[in-house]
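Asker: In my numbering, the protein residues as written are 755 to 833.
From the three backbone atoms N, C-alpha and C, an ideal C-beta is built for every residue, glycine too.
I have a structure here, written as structure tokens, and I will follow up with some questions on it.
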Amino acid sequence: MTDTNVRAGAELRKRASKMRASKTGSYVCPRTGKKVRRVSNSIWESAGGYVYAGGTYSLVTAAGEVFARMMRELSLKKR
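Spelled out as structure tokens, the structure:
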């Protein structure tokens, strides 16, 4: 089978695998361009010393991306 403890079907094993991949994947700091690593639940720390509050398993959540896009559009409208 797999190396996980997920026992309730293929779909759940796929979800667990996707979570593990995003949790341990490589991310880049938006300020410095250096590596970002997961410190604990929803806390991410950059090699440059910056600390971010992000998603549990990824640096940026889908809702966070939508909000950032809305803020960019609003700032462009004001110009």
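What runs of the beta strand (DSSP E), each 3 residues or longer, lie entirely inside the stretch 787–814?
Answerer: 789–794, 797–800, 805–807
Asker: Run through DSSP, which three-state label would Val820 get?
Answerer: Within the sequence shown, numbered from 1, the residue matching residue 820 stands at position 66. Look at Val820 here: in three-state DSSP terms it is helix.
Asker: Beta-carbon within less than 6 Å of Tyr806's beta-carbon, same chain only, minus the 5 sequence neighbours each way: which residues are those?
Answerer: Indexing the sequence shown from 1 puts residue 806 at position 52. Contacts found: Trp798.
Asker: Provide the residue span of the alpha helix (DSSP H) that contains Ala762, from first to last.
Answerer: Locating residue 762 in the sequence shown gives position 8, counting from the first residue. It is not in any alpha helix (DSSP H) - Ala762 carries neither H nor E in the DSSP assignment.
Asker: How should Ser800 be labelled, buried or exposed, when 16 other C-beta atoms within 10 angstroms of its C-beta is the threshold for buried?
Answerer: Here residue 800 refers to the residue found at position 46 when the sequence shown is read from its first residue. Flag for Ser800 reads buried.
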